[in-house]
Amino acid sequence: MKSERRHELEKNVLADRVGAGLESVHSYWPMILGGLAILVVGSLAWGLYSSSARKQAAEAWTDYYFSMAGGEAEAFLDLSERYPNSSAAGWARQTAGNGFLERGVDALYVNKSEGESLIKQAISEFEQLEDSSNQELRAKALYGLAQAHESLGDLDTAIAYYEKLMKATPREALLRSASERLAFLNSDSGKEFYAWFGTLDPKPDAPIDLPSNLNLPPLGPGGMSFGLPTDGPAGSETPVTPPPATDLPESSAPVQVPAEEGVSVPPAPAGPSVVPTAETPAANVPPAINEVPPASEPTSAALELEPSAAADTATAGDAETTDKP
Numbered sequence: 001m002k003s004e005r006r007h008e009l010e011k012n013v014l015a016d017r018v019g020a021g022l023e024s025v026h027s028y029w030p031m032i033l034g035g036l037a038i039l040v041v042g043s044l045a046w047g048l049y050s051s052s053a054r055k056q057a058a059e060a061w062t063d064y065y066f067s068m069a070g071g072e073a074e075a076f077l078d079l080s081e082r083y084p085n086s087s088a089a090g091w092a093r094q095t096a097g098n099g100f101l102e103r104g105v106d107a108l109y110v111n112k113s114e115g116e117s118l119i120k121q122a123i124s125e126f127e128q129l130e131d132s133s134n135q136e137l138r139a140k141a142l143y144g145l146a147q148a149h150e151s152l153g154d155l156d157t158a159i160a161y162y163e164k165l166m167k168a169t170p171r172e173a174l175l176r177s178a179s180e181r182l183a184f185l186n187s188d189s190g191k192e193f194y195a196w197f198g199t200l201d202p203k204p205d206a207p208i209d210l211p212s213n214l215n216l217p218p219l220g221p222g223g224m225s226f227g228l229p230t231d232g233p234a235g236s237e238t239p240v241t242p243p244p245a246t247d248l249p250e251s252s253a254p255v256q257v258p259a260e261e262g263v264s265v266p267p268a269p270a271g272p273s274v275v276p277t278a279e280t281p282a283a284n285v286p287p288a289i290n291e292v293p294p295a296s297e298p299t300s301a302a303l304e305l306e307p308s309a310a311a312d313t314a315t316a317g318d319a320e321t322t323d324k325p
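Going letter by letter, the sequence shown gives residues 1 to 325 in UniProt numbering.
See the structure below:
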């Protein structure tokens, strides 16, 4: 009896503890359920975000490669603004900067103000990539900044960017190019060139004044065309080539060159046969053995007989044949 009583007491104690535990946990149920809900929703949101990010990245790179077909800097700039958080956005901005820089350098030889405006736009795009976490993209941005400032004649800034590039990249091609540019900018010829280039101020649709003793075409696009001197009238674009010197008289008749002994002369091209006349007797060449001498050839007068006269003669001959018995 005592054992049974003790067992019942133990059950009651256990039930009381379980009940107390459930009551204490019951107060935390809202917090537990809320945490589980947040975990589930967060997992779903992360999955959707990752899927959307991958989709946008794929679309960005697809648009990037399609934009390369046109090659317009504005198209790459628009792409970088439509996909600002994608990896393709940085490369699109760098490509846009290269496009503005190339167009600006070309325009410097035609319209200096327009060229400088395009180069400054390229600098603006490169500066946004100067602190990029992508080391290769950052190196190319530094190289573009150095080239852009060099094109504007800001040599001190260009030298600083070239030196910064040499410390930021291990790529041999960029290091070699930066070293070559630094050597040129620090040389006397480089300083002399950019001193002259700074004074160059071409205007749209205006000819460039060149020295009279200049033998080389001007650098850059839109260069002048150095044509050959002509003997034709003014405005003629096709040079007149003088005929070769000759001692032959002005005659359309072919010249017969006498054949030397032992030298075979190729036959002359086929042409109208010349009938020998009294003024031009035929060559007295004996016929070959067993060859029938040719019949007497008609005279030039007979050859020159008009068709009407020949027809009359044939008619008269037919009439005489008919009258005979």
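Quick reminder that beta carbons are idealized off the backbone N, C-alpha and C, glycines included.
{"Check": "Can you find the residues in the same chain that come closer than 7 Å, C-beta to C-beta, to Ser86, ignoring five residues on each side of it along the sequence?", "Outcome": "Gln56, Ala57, Ala60"}
{"Check": "CB-CB under 6 Å to Ser151, same chain, minus the five flanking residues each way: which ones, in chain order?", "Outcome": "Val105, Ile119"}
{"Check": "Name the residue from Asp201, Pro170, Asp63, Tyr162 whose alpha carbon lies nearest to the alpha carbon of Ala183.", "Outcome": "Tyr162"}
{"Check": "Among Leu155, Gly35, Glu136, Tyr64, which residue has its Cα nearest to the Cα of Arg82?", "Outcome": "Tyr64"}
{"Check": "Can you tell which of Thr169, Ser179, His149, Glu114 has the C-alpha that lies nearest to the C-alpha of Tyr194?", "Outcome": "His149"}
{"Check": "With the cut-off set at 8 Å, would you say Pro204 and Asn111 are in Cβ contact?", "Outcome": "yes"}
{"Check": "Out of curiosity, what's the CA-to-CA distance linking Leu145 and Trp46?", "Outcome": "39 Å"}
{"Check": "When we look at the beta-carbon of Leu33 and count the other beta-carbons within 10 Å, is it buried (16 or more) or exposed?", "Outcome": "exposed"}
{"Check": "From the DSSP output, in three-state form, read off Gly71 for me.", "Outcome": "coil"}
{"Check": "When the distance is taken between beta carbons, is Leu108 closer than 8 Å to Gly97?", "Outcome": "no"}
{"Check": "Could you check where the alpha helix (DSSP H) with Gln121 kicks off and where it finishes?", "Outcome": "112-127"}
{"Check": "How big is the Cα-Cα spacing for residue 364 and Leu200?", "Outcome": "Nothing about residue 364 can be reported from this structure: the residues present for the chain run from 1 to 325 only."}
{"Check": "To which residues of the same chain is Val257 closer than 7 Å at the C-beta, ignoring the five residues directly before and after it?", "Outcome": "At Val257, the pLDDT of 45 sits below 50, so the modelled position is not reliable and the matter cannot be decided from this model."}
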